[in-house]
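Residues 1 to 319 in our numbering are what the sequence shown spells out, letter by letter. Glycine residues also receive a C-beta, built at the ideal position from the N, C-alpha and C atoms. The structure presented is a predicted model; accordingly, all values stated were derived computationally and were not measured. Contents: one structure, followed by commentary.
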Amino acid sequence: MKRFAIRFLILMSCATAAFAQAWPSKPIRMVVAFPPGGSTDLAARALGEKLAGALGQPVIVDNKPGASGNIGAEFVARSAPDGYTLLMAATSFATSPAFFPKLAWDPVKDFAPVSLVATVPIIVVVNPSVQAATPAELIAYSKANPGKLNLASPGAATLTRLSGEMFKQTAGVDWVTVHYKGGPPAVQDMLAGNAHVMFANISDVISHVKAGKLRAIAVTTAKRSAVAPELPTLAETAVPGFAVATWQAVVAPAGTPREVVQRLNAEIARIVATPEIKERFLGFGTDAAGSTPEELGRFLASEVAMIGKIVRDTGAKID
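Pasting the structure below:
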């Protein structure tokens, strides 16, 4: 029996190696759990185009939006672990466990981490009617006008909403949170003056900031962002230690052959380091980034834990 087990393991190892050498032999599907046009979709298409050239097979972006990203994530979690179905995961991948206790997939157990792809700065913007140009002035203005400012939330289960809730609690300001079905309607109410403060993905608001229709006062990242280097961080101005950012990463179904994950990781690392991709990513508001599979695995686990703590501390719920 012992000899049989050893032989079986050797055969399985050889079969896995042979599969990895033959991979890819057909098109690869990259699932995006959001509608076309957003930063996650744009990143997937830019990366997919370059991956196709490197791997010699088409990389087809497949949008499967709905349920805060859960539909697309579950589809990939239940797909064959053969390297032909990938997920361009975004921050909702780590927020869902905190909001959906009966989630049909686990971001750590059901996926093989491949590589971080980008970080997306969260930018704090105000309607020009708000008399504040810095985080300290926003805090002072809010405390002088308790309950009069509305915080525009692009979705109850988003990290952008949670970063706003975290700021409210940390800074001790009284804002009324108003939930919208996505970034665009939230931005429209910001422009109309019906909402006054928004923690937003920079790609959703940067054009309005440049046009003078919204005023940017800070970013929430630990360090200043290459997307808007002139903006200070909340940590360096008014809330020490404040550091939150959204992100995008490639993951595969758990059990995907290690050799395939390593090949994908090597190609993605090379692609996101090129000046062309860095410039393209900056064009839609993201900072290109990379990681090893192990680094991404640790990062995902830490994000799930951090977001769970924010939800518990702030009492955030899906209304």
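*In this structure, what does DSSP give as the bridge partners for Lys150?*
Inspection of the sequence shows that residue 150 is occupied by Asn rather than by Lys. The partner list for Asn150 (beta bridge, DSSP) reads Val176.
*Use the C-beta contact count for Ile318: other C-beta atoms within 10 angstroms, 16 or more gives buried, fewer gives exposed.*
In summary, Ile318 is exposed, with fewer than 16 beta-carbon neighbours lying within 10 Å of its beta-carbon over all protein chains present.
_Distance, Thr256 Cα to Ile6 Cα_ = In this prediction, Ile6 has a pLDDT of 48, which is less than 50 and means its spatial position is unreliable; nothing more can be read from the coordinates.
*asked:* I need the DSSP call for Phe34, collapsed to helix, strand or coil.
replied: Three-state DSSP puts Phe34 in coil, outside helix and strand.
_Contact check, Met198 vs Val126, beta carbons under 9 Å_ = Taking the C-beta atoms as reference points, Val126 is found nearer than 9 Å to Met198.
*List the endpoints of the continuous alpha helix (DSSP H) containing Arg224.*
Counting along the chain, Arg224 falls outside any alpha helix (DSSP H), and DSSP gives it neither H nor E.
_Taking only three categories from DSSP, how would you classify Thr292?_
Residue state, collapsed to three classes: coil.
_Pairs of beta-carbons, one from the segment 89-109 and one from the segment 157-164, closer than 8 Å: are there three or more?_
They touch, by the three-pair rule.
*With 16 as the cutoff for other CB atoms within 10 Å, does Thr119 come out buried or exposed?*
By the neighbour-count criterion, in which a residue is buried when 16 or more other Cβ atoms sit within 10 angstroms of its Cβ, Thr119 is buried.
*Taking the alpha-carbon positions, what's the Ala112 to Gly212 distance?*
Inter-residue distance for Ala112 and Gly212 is about 43 Å (C-alpha atoms, whole angstroms).
*asked:* Can you confirm whether the segment 184-191 touches the segment 266-274 when touching is taken to mean that 3 or more C-beta pairs between the two stretches lie within less than 8 Å?
replied: Contact between the segment 266-274 and the segment 184-191 is absent: fewer than three C-beta pairs spanning the two stretches fall below 8 Å.
_Does the segment 234-250 come into contact with the segment 72-81, if we say contact requires no fewer than three beta-carbon pairs (one atom in each stretch) closer than 8 Å?_
With a cut-off of 8 Å, the segment 72-81 and the segment 234-250 do not count as touching, because too few Cβ pairs lie within range.
_Between the alpha carbons of Ala171 and Ser153, how many angstroms are there, rounded?_
Approximately 18 Å between the Cα atoms of the pair.
*By Cβ distance, which residues of its chain are closer than 6 Å to Ala98, with the 5 residues on each side in sequence left out?*
Ile307, Gly308 and Val311.
*Look at the alpha carbon of Lys50 and the alpha carbon of Val227, and state the distance between them as a whole number of angstroms.*
For Lys50 and Val227, the gap between their C-alpha atoms comes out near 22 Å.
_Among Ala200, Ala305 and Phe281, nearest to Leu47 - alpha-carbon criterion_ = Distance check between Leu47 and each of Ala200, Ala305 and Phe281 places Phe281 closest, using alpha-carbon atoms only.
*Report the option in Ala195, Lys102 and Arg298 whose CA atom is closest to the CA atom of Gly147.*
Comparing Cα-Cα distances from Gly147 to each of Ala195, Lys102 and Arg298, the minimum goes to Ala195.
*Pro113 bridges to which residues according to DSSP?*
Val251.
*Should Ala33 and Phe284 be called a contact, given that it needs their Cβ atoms to be closer than 9 Å?*
Result no, Cβ atoms of Ala33 and Phe284 do not sit closer than 9 Å.
*State buried or exposed for Pro107, treating a residue as buried only when at least 16 other CB atoms are found within 10 Å of its CB.*
With 16 or more other Cβ atoms within 10 Å, it is buried.
*asked:* So within the segment 74-116, which uninterrupted alpha helix (DSSP H) runs reach at least 4 residues, ignoring any that extend past its ends?
replied: 92-99, all fully within the segment 74-116.
*In this structure, does DSSP put Ala195 in helix, strand or coil?*
Here Ala195 sits in coil by DSSP.
*Nearest to Ile71 by CA position, among Val209, Phe100 and Ser142, is which residue?*
Among Val209, Phe100 and Ser142, the Cα nearest to that of Ile71 belongs to Phe100.
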